[in-house]
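Participant:
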Amino acid sequence: MKNVLFVASECSPFIKTGGLADVIGSLPQALKANERIDVQVILPLYDEISDDWKTQMDLYATIDVPLGWRNQEARLYKIVNNQITYYFISNDYYFSRKGVYGYYDDGERFVFFSRAVIEALKHLEQKPDILHSHDWQAGMAVALAKIIQPIKGLKTVFTIHNLKYQGIMPIETFDDFFQLPAEHIGGMEWHGMLNCLKSALFHADKITTVSPSYAEEIKDPYYGEGLESILLERARDLVGILNGIDVKEYNPLTDPALLVKYRSSRVRKIENKMRLQEKFGLPINGEKPLYIMITRLDEQKGLHLVQHILDEFLQEDVQFIILGTGDEAFEVYFDEVANNYPEKVVSLLTFNEELARQLYASADFLIMPSKFEPCGLAQLLALQYKAVPIVRETGGLKDTVHPFNEITGEGNGFSFTHYNAHDLLNVLRYSLTIFHTPELWATLIKNVNKSQFSWRKSAQEYMELYESLAGNVFKEV
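Residue numbers (full-length UniProt numbering): 1 to 477.
(1) On the premise that L258 lies in contact with N272, defined as a C-beta separation below 8 Å, what is that separation, rounded to the nearest angstrom?
(2) For the beta strand (DSSP E) that V78 lies in, which residues bound it at each end?
(3) Which first and last residues belong to the alpha helix (DSSP H) in which D58 is found?
(4) Can you find the residues in the same chain that come closer than 7 Å, C-beta to C-beta, to K457, ignoring five residues on each side of it along the sequence?
(5) Please check the pair L424 and F416, which I expect to be a contact at CB under 8 Å, by giving their CB distance rounded to whole angstroms.
(6) Is it right to say A459 is buried, meaning 16 or more other beta carbons lie within 10 angstroms of its own, or is it exposed?
(7) Could you tell me the alpha carbon to alpha carbon distance between H184 and K371, rounded to whole angstroms?
(8) Taking the DSSP output, what are the residues bridged to W441?
(9) Would you give the residue range spanned by the alpha helix (DSSP H) that Q319 belongs to?
(10) According to DSSP, is H304 helix, strand or coil?
(11) For L377, I'd like the list of residues in its chain whose CB is within less than 8 Å of its CB, leaving aside the five on either flank, ordered along the chain.
(12) Under three-state DSSP, which class holds N420?
(13) When DSSP builds the beta bridges, which residues end up paired with K54?
(14) What does the Cβ neighbour count give for Y466, buried or exposed, with the cut at 16 atoms within 10 Å?
(15) Going by DSSP in three states, D364 sits in which element: helix, strand or coil?
(16) Output needed for N472: all residues of its chain with C-beta closer than 8 Å, excluding positions within five of it in sequence on either side, in chain order.
(17) What are the boundary residues of the beta strand (DSSP E) that includes R109?
(18) For E476, name the three-state secondary structure that DSSP assigns.
(19) Using only alpha-carbon positions, find the residue among P28, V267 and A215 that is nearest to I445.
(20) Going straight from the alpha carbon of E225 to that of M274, what length do you get?
(21) For L194, report the span of its beta strand (DSSP E) as first-last.
(22) Buried or exposed, going by whether 16 or more other CB atoms sit within 10 Å of the CB of Q83?
(23) Rounded to the nearest angstrom, what separates N405 and E287 at their Cα positions?
(24) For K78, which residues in the same chain have their Cβ closer than 6 Å to its Cβ, ignoring the five residues on either side in sequence?
(25) Excluding the 5 residues preceding and the 5 following T85 in the sequence, name in chain order all residues of the same chain whose CB lies nearer than 6 Å to its CB.
(26) On the CB-based measure, 16 or more other CB atoms within 10 Å of its CB, does G167 come out buried or exposed?
(27) Where does I147 fall in DSSP's three states?
(28) Output the distance between the C-alpha atoms of L253 and V448, rounded to the nearest integer angstrom.
(29) Given a threshold of 16 other Cβ atoms within 10 Å of its Cβ, counted over all protein chains shown, does H304 qualify as buried or as exposed?
(30) Grab the span of the beta strand (DSSP E) containing L348 for me, first residue to last.
(31) For the alpha helix (DSSP H) that V260 lies in, which residues bound it at each end?
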């Protein structure tokens, strides 16, 4: 048996700000089904983690963490949950704060975390054979694992969940944070700055990202966020593995958040819609098509396209609900639309997991016109809850949503190619036509019901990747 250590900044159910936490929470569970592998996870111990979890943790070790010219103390806590061992790096100065990200010294905080991971390796119950880091916050752990070599033969994997966020700091922080020979600065520097994500891309044995299409896109300047040249250099070591979802956690038949549970029954799904319409003061009509967006209110999510055409689309006999927070300008816009169309639009400027699940269970359509989308979670959850996704063909959206073809009867959603507002409007109107054509709608829903995005296939692809690093010895039980 071989051991893999996941290094990440968040993980469900302990701490979650986005889709990264879902991946780190569910992928180890899928991998543990293979008896050839053991997975451990290491995270920061944030103040935001609930006391319900903290009281179950045991103090496992106290470690000294060198950070440049100074030493910091860290406490290593341990908990076993669902047969997975989780370690938490605790330091009051860096992690006893409200929230998870958004501080001026986030770079320093996560360099400390990465350095603490390296120091913690010798204390872990199982010494890892592979260190698998996720996103920029854990990127320096890959670099330091290669430079310091704390475990002989340790292999490294780095997964890009979103290339846009890179952990960029002034180049002077190399001397402040690391006591390393100057020869190592080249592997960490990019365009005159210290770059945590680039450091991982340079040092990792293998690089993955969260969909095959995104793996191809990020080699192009339009999607490469300034790192396309190094990604092209590492192209032979770069692979896209599609994210999955925990189909036990997200199951409309057992989900406690739902008002009416169902497997694939449209009648019971419509009951959820009517309950939701009543809850938010919309006209109660199960036959009226309900479009939803559950999203971070950010330009990346295609909201400028929505702004251009929403007023025109709302002339149709439809309902629209948006759930999310983010850019203030978008928040103001959606509130104005809701005020202008009180019988059609609900603007929910918050995020609530239970409410999100109720929306998926009630909706006929999910709108997701992203400018770029490494994988996307919302479209997978929509399909799981039997709602039809409407997406732009990019990244994981392209890999998971296939446009409905009324001639062949194939496809599980609707899509458009160009980042263009009227292309979005055209596909919205087409979706409405299919909704009102019973035989075509029934065929589409049948395809939606067949869509499956569990972790099983993707977990096997990760296993094959790990085996390619560790060689035949990985196959020993």
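Beta carbons are placed, not taken as given, at the ideal position from N, Cα and C, and that holds for glycine.
Please read all numbers here as calculations on a predicted model, not as lab measurements.
Facilitator: Here's the rundown:
(1) Sure, about 6 Å apart at Cβ, within 8 Å.
(2) For the record, residue 78 in the displayed sequence is Lys; it is not Val. Taken as a continuous stretch (DSSP letters only), the beta strand (DSSP E) holding K78 covers R70 to N81.
(3) That residue, D58, is in no alpha helix (DSSP H); its beta strand (DSSP E) goes D58 to L67.
(4) Closer than 7 Å at Cβ, skipping near neighbours: no residue.
(5) 6 Å
(6) Its Cβ being crowded by 16 or more others within 10 Å, A459 is buried.
(7) 35 Å
(8) W441 is not bridged to any residue.
(9) No alpha helix (DSSP H) contains Q319, which is instead part of the beta strand (DSSP E) from Q319 to L323.
(10) helix
(11) G19, D22, N243 and I245
(12) coil
(13) The partner list for K54 (beta bridge, DSSP) is empty, contrary to what the question assumes.
(14) buried
(15) coil
(16) Residue placement at N472 cannot be trusted, given a pLDDT of 46 that sits under 50; the coordinates are not used to answer.
(17) Not the beta strand (DSSP E): R109 falls in the alpha helix (DSSP H), residues D106 to A120.
(18) Since pLDDT at E476 reaches only 41, below the 50 mark, its modelled position is unreliable, and the value read off the structure follows with that caveat. Residue state, collapsed to three classes: coil.
(19) V267
(20) 43 Å
(21) M193 to N195
(22) Exposed is the call here.
(23) 23 Å
(24) D58, Y60 and Y87
(25) When the five nearest sequence neighbours on each side are left out, the beta carbons in the same chain lying within less than 6 Å of the beta carbon of T85 are those of Q40, in order along the chain.
(26) buried
(27) helix
(28) 16 Å
(29) By the neighbour-count rule (16 or more Cβ atoms within 10 Å), H304 is not buried but exposed.
(30) V345 to L348
(31) Careful: V260 lies outside any alpha helix (DSSP H) and carries neither H nor E.
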